[in-house]
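Chemist: Chains as they are written, first to last, in the working numbering: chain W, 1 to 273; chain B, 274 to 610.
C-beta: ideal position from N, C-alpha, C; glycine also.
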């Protein structure tokens with residue numbers, strides 16, 4: 001995604017004094033005596049891809065679950081567009097405009113692409129056919145699904161009525177990402193979106209993520225794949241021992257430095273981003 | 274601009290076997306339909322009495338009750354569940370209706386509604402145990418099957434109630450409209466209307482999509498925002514109502530209400546669903562397939578009988594068909610992506 005004239009990457013992606021879209025302050029979550037997150041902060045700014053990396057047990061997934069409503073933190077605050085909010089269920093986060101693509105994908109393999117895009121948010125026909133007979137507006141949902149998919153440049157998925165299980169892993173991921181981009185009005189959170197994919201498909205999903213960002217939706221990307229993180233992220237949040245160790249950028253640090261900070265082999269530098 | 278940036282490969286399958294697999298995968302009803310047509314043609318050639326209006330209307334009457342139960346069973350199997358108590362609920366509802374109007378003197382329409390309410394409640398009990406106590410559907414319905422059957426004997430005193438003692442509404446489902454030599458019973462009409470209704474509900478409403486999604490991958494459905502427990506509960510409850518309607522049709526078919534029938538209905542309803550191409554693993558199948566599946570059972574039993582094949586071998590043939598159908602389903606599920 002380089003010199004396209006019709007896409008306008010929100011330019012200054014670097015933080016400074018802008019209001020974060022999504023912000024967490026001092027989140028704590030304990031399971032009995034085990035501390036999953038220990039006063040963790042996070043800021044996501046408009047138009048950026050923020051990668052969250054960390055060793056196993058560093059509290060990445062608990063942090064992300066707190067932001068997507070899948071767990072309720074014991075203490076700490078979450079702000080969306082500067083306003084404090086509380087999520088009790090994933091539904092709360094969704095209706096606030098935060099869409100999450102889980103590692104398990106959450107697609108129904110037997111249903112087609114359009115059905116999956118609108119799963120749990122089906123649209124009924126207008127008038128009595130919709131209100132009395134509960135009839136779904138399949139035509140509308142299909143054309144909308146087609147529009148969303150082609151907006152994200154998933155060109156060869158011609159048949160929107162194709163069952164998702166007949167798609168490859170990358171295509172399924174594309175459906176899940178398209179769904180989050182279609183309905184997420186504020187933030188898209190992607191949990192290990194390239195984990196199960198081959199090199200080629202992984203790269204295409206990365207392109208999809210850039211497309212989502214370039215359409216104006218900030219993205220939080222959780223990944224173990226350092227080359228992918230360094231290729232795509234605007235800023236990198238390094239989580240360690242339940243807290244944010246530091247935030248770096250792909251330009252300020254190398255991959256091996258990032259791994260060293262992540263594992264505790266190197267002292268975390270002050271935030272460079 | 275961005276359209277070419279993230280195109281994904283579409284793979285082509287070449288061999289004939291793979292292509293058949295794909296066709297069956299996207300149109301699962303074709304397999305059962307082919308079996309039904311071949312069976313009808315074969316039996317018509319073997320025996321001239323098979324393809325007559327009189328005999329065909331008999332086949333339809335014979336499958337009406339099973340098809341109605343199998344409709345409820347389909348909804349449950351689509352959610353990757355199973356209901357062993359389908360026949361028991363149908364028979365209990367029929368006995369309850371008959372007992373209310375004959376022994377308690379309740380008007381027919383009230384007795385009918387009480388029977389429906391009872392079937393619905395029994396389905397709801399199954400649904401409650403599956404969704405709240407979180408027991409596997411097989412165990413739940415194995416338990417309720419035994420309970421409901423013993424209740425049958427308690428309520429009926431192990432006695433059969435004759436249809437001639439009941440209000441005419443009770444046996445109305447056995448009355449028929451003659452179309453030439455073909456006799457179409459009201460019971461069959463009710464059954465066909467119900468199939469049409471659920472065909473619509475599964476295909477064209479959000480509830481239908483949620484039933485499929487829940488059966489496909491319950492966790493994924495939950496993460497997509499579907500309240501899967503609610504979907505499951507609704508499915509078991511609706512199935513209970515369908516079984517009760519099946520019980521009403523049963524009274525018309527037998528011109529009586531008896532606690533001694535219906536033992537085989539539980540498994541026959543599952544047979545019809547499986548033969549109709551609905552997968553026991555959930556998420557795949559359709560009610561029209563079930564109708565075809567029920568007709569396959571009816572056509573085979575009737576055709577073999579006309580051909581002078583003994584009852585035991587009829588069962589043998591149906592059992593074989595089931596195994597073939599399940600193997601086919603396994604094969605279809607392995608579609609390469």
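(1) Decide if residue 603(B) is buried, meaning its Cβ has at least 16 other Cβ atoms within 10 Å, or exposed.
(2) So what's residue 407(B) in DSSP terms, helix, strand or just coil?
(3) Quick check on residue 421(B): buried or exposed, where buried means 16 or more other Cβ atoms within 10 Å of its Cβ?
(4) If you run the structure through DSSP and keep just helix, strand and coil, what is residue 102(W)?
(5) Quick check on the DSSP output: what are the complete alpha helix (DSSP H) runs of length 4 or more inside the region 490-551 of chain B, in order along the chain?
(6) Kindly indicate the opening and closing residues of the alpha helix (DSSP H) around residue 600(B).
(7) Keeping to the same chain, check which residues put their C-beta closer than 7 Å to that of residue 546(B); ignore five residues upstream and five downstream.
(8) If we count Cβ pairs, one from each stretch, closer than 8 Å, do we get three or more for the region 384-391 of chain B versus the region 487-497 of chain B?
(9) Whole beta strand (DSSP E) runs in the region 174-250 of chain W with 3 or more residues, listed along the chain?
(10) Out of curiosity, what's the CA-to-CA distance linking residue 284(B) and residue 215(W)?
(11) Answer with yes or no whether the minimum CB distance from residue 292(B) to chain W is below 8 Å.
(12) Which residues, in chain order, does the region 481-496 of chain B contribute to contact with chain W at a C-beta distance below 7 Å?
(13) Any beta carbon of chain B sitting closer than 8 Å to that of residue 14(W)?
(14) With 16 as the cutoff for other CB atoms within 10 Å, does residue 31(W) come out buried or exposed?
(15) Kindly confirm or deny that the region 321-336 of chain B and the region 405-413 of chain B touch, where touching means at least three C-beta pairs closer than 8 Å.
(16) If the cut is a Cβ gap below 7 Å, which residues of chain B does residue 106(W) touch?
(17) Name, please, each residue of chain W whose Cβ falls closer than 8 Å to the Cβ of residue 479(B).
(18) Pair every Cβ in the region 510-524 of chain B with every Cβ in the region 393-403 of chain B, then say whether three or more of these pairs are closer than 8 Å.
(19) Output, in sequence order along the chain, the residues in the region 548-577 of chain B whose CB is closer than 8 Å to any CB in chain W.
(20) Please report whether the beta-carbon of residue 45(W) lies at a distance below 8 Å from any beta-carbon of chain B.
(21) Which residues in chain B have a C-beta closer than 7 Å to the C-beta of residue 217(W)? List them in chain order.
(22) Between 36(W), 83(W), 174(W) and 267(W), which lies nearest to residue 146(W) when the distance is taken from Cα to Cα?
(23) If you compare alpha carbons, which of 309(B), 302(B), 301(B) and 300(B) is closest to residue 574(B)?
(24) Is the region 98-116 of chain W touching the region 177-195 of chain W in the sense that three or more CB pairs, one from each, lie closer than 8 Å?
(25) With a 10 Å radius around its C-beta and 16 neighbouring C-beta atoms as the bar for buried, classify residue 586(B) as buried or exposed.
Modeler: Reading from the atomic positions:
(1) exposed
(2) coil
(3) buried
(4) coil
(5) 491-496, 501-527 and 538-548
(6) 584-606
(7) 343, 346, 347, 350, 563 and 566
(8) no
(9) 187-191, 219-222, 235-240 and 243-248
(10) Model confidence at residue 284(B) stands at a pLDDT of 49, short of 50, so the residue's coordinates are unreliable; what they give is reported in the following sentence. Roughly 30 Å separates the two Cα atoms.
(11) no
(12) 482, 485, 486, 489, 490, 492, 493, 494 and 496
(13) Bear in mind that the predicted position of residue 14(W) carries a pLDDT of just 49, short of 50, making it unreliable; the figure below should be weighed with that in mind. Not closer than 8 Å to any Cβ of chain B, the Cβ of residue 14(W) fails to qualify, so no.
(14) exposed
(15) no
(16) 493, 496 and 497
(17) 122, 124, 134 and 136
(18) yes
(19) 556 and 557
(20) no
(21) Here the premise fails: no neighbours, minimum Cβ distance about 14 Å.
(22) 174(W)
(23) 309(B)
(24) yes
(25) exposed
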